[in-house]
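Taking it in order: structure first as structure tokens, then the write-up.
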Amino acid sequence: MSEVKAYAASSKTAELEPLNIERRDITKEDVEIDILYCGVCHSDIHTVKNDWKNSQYPVVPGHEIIGRVTKVGDNVKNFKEGDLVGVGCMVDSCQTCDSCKEDLEQYCENGATYTYNSEDKHLGGYTFGGYSEKVVVDKKFVLSVPENLDIKAVAPLLCAGITTFSPLNHWNVKKGDKVGVIGLGGLGHMGIKFAHAMGAHVVMITTSPGKSGDAKKLGADEVLISKDEEEMKKHANSFDFLLNTVPVGHDVNPYIGLLKRDATMVLVGAIEPLDPIHGGGLIASRKTIAGSLIGGIKETQEMLDFCGKHDIVSDVEMIDIQNINDAYERVQKSDVKYRFVIDMKSLKES
Ligand SMILES: [Zn+2]
Ligand SMILES: [Zn+2]
């Protein structure tokens, strides 16, 4: 084992502060990664604050990891020292259930091992995430990162990117489709970029008129202010697909009204109760509401390759790890365009 520097929260009310943690020695199947950058996801904050009632302290968050391979095990053939790689939300899964066999490890029926706050099958205790100097990960959960991209801005693709790419891909969004992206934050800004790159006619749907200019710069063709009832009426029954990135419970009925017959709205943000849904809105035109969780490893690699081809990265604001607590305050106020990324040099040199 080796001891590495990290940042951790010791309780749900504590600020993040330095903590040394253990990383395992590599097994034959493992890849050891020197972490260069780690994105700051809203899930990190939910876990630190125990919002989902399953946090195990200390919590070392971080599941948007970019780094360079420093060592590989004997059975690792597809990575070598120096390779640029990524690690997202998962570091292991059972590999034997139907979901795992279909490359959908995020839906592992025996529970995937998440990058942080999951039972650690190697060391006991709980897994520690990317707010640290290095990480050791099973080769099956390591991703290749295209070298042509701005790598610090690649980090958020590992969670915000795949979370929005996967539903667009699964529901076959294609050239000419009218796609609405609801909510412009870390997830929404990636949804716009992907839908645009897939050739869709993209409508940013937001409550804030102030976001119009940014939405268009990111690739939206139109902006629809959801509080404007007249505008909402004009777009009624016209969308082929809606990607709903709103991170909290809300009233989805007005959005159901925007869908065409047989069209689907996919929720990717709100992991909490929604306002009651009127069945009539779904029944009248055979509409669907669905949910989607990140993506499997195979699809995450496809997403990264798609980004390499189309030159897509996140819009990021770089921070030093010493400023992480301020960054959390700002994420909670949606005061970031659109993702904080920690430069891990600040941890190594501290
Ligand atoms: Zn995340
Ligand atoms: Zn499984």
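Be aware that the sequence shown starts at 1193, since it is given in the working numbering, and climbs by one per residue.
Just so it is clear, CB atoms sit at the ideal spot from N, CA and C, and this is done for glycine as well.
Distances from the alpha-carbon of Cys1292 to those of Met1536, Ile1511 and Gly1488 put Gly1488 closest. Per DSSP, the beta bridge partners of Asp1222 are Asp1330.
Membership of Pro1446 in the alpha helix (DSSP H) is indicated by the continuous run Asn1445 to Ile1448. When distances are taken from the beta-carbon of Ser1310 to the heavy atoms of ligand 2, even the shortest one reaches 8 Å or more.
With a cutoff of 9 Å on beta-carbon distance, Val1223 and Lys1331 are scored as near each other. In the same chain as Asp1467, and ignoring 5 residues on each side of it, the C-beta atoms closer than 6 Å to its own belong to Asp1443, in chain order. By the beta-carbon neighbour count (other beta carbons within 10 angstroms, threshold 16), Glu1339 is exposed. Nearest to Tyr1308 by C-alpha distance, out of Asn1302, Gly1316 and Gly1321, is Gly1321.
In the three-state scheme derived from DSSP, where H, G and I count as helix and E and B as strand, Asp1342 is classed as coil. Remark: the C-beta of Asp1236 is in contact range of ligand 1, defined as less than 8 Å to any heavy atom.
Secondary structure note for Asp1290: its alpha helix (DSSP H) is the uninterrupted segment Asp1290 to Lys1293. At a threshold of 8 Å, His1255 counts as near ligand 1, since its beta carbon sits closer than that to one of the ligand's heavy atoms.
DSSP places Lys1403 within a helical segment (H, G or I) once states are collapsed to three.
Nearest to Gly1483 by C-alpha distance, out of Ser1538, Asn1517, Val1438 and Arg1522, is Val1438. Taken through DSSP and simplified to helix, strand or coil, Phe1320 comes out as coil. Around the beta carbon of Gly1254, a 10 Å sphere encloses 16 or more other beta carbons of the protein chains shown; the residue is thus reported as buried. Closer than 8 Å to some heavy atom of ligand 2: that does not describe the Cβ of Ser1336. Within its own chain, the residues whose Cβ lies closer than 7 Å to the Cβ of Lys1241, once the five positions on either side in sequence are excluded, are Lys1204, listed in chain order. Within the stretch 1360-1431, the complete alpha helix (DSSP H) runs of at least 4 residues fall at 1378-1389, 1404-1410 and 1421-1426. By the Cβ neighbour-count rule, Ile1469 is exposed, with fewer than 16 other Cβ atoms within 10 Å of its own. Checking the 8 Å criterion, the Cβ of Thr1355 is within range of a heavy atom belonging to ligand 1. Annotated three-state conformation of Val1232 is strand, per DSSP. In this structure, ligand 1 has no non-hydrogen atom nearer than 8 Å to the beta-carbon of Ala1392.
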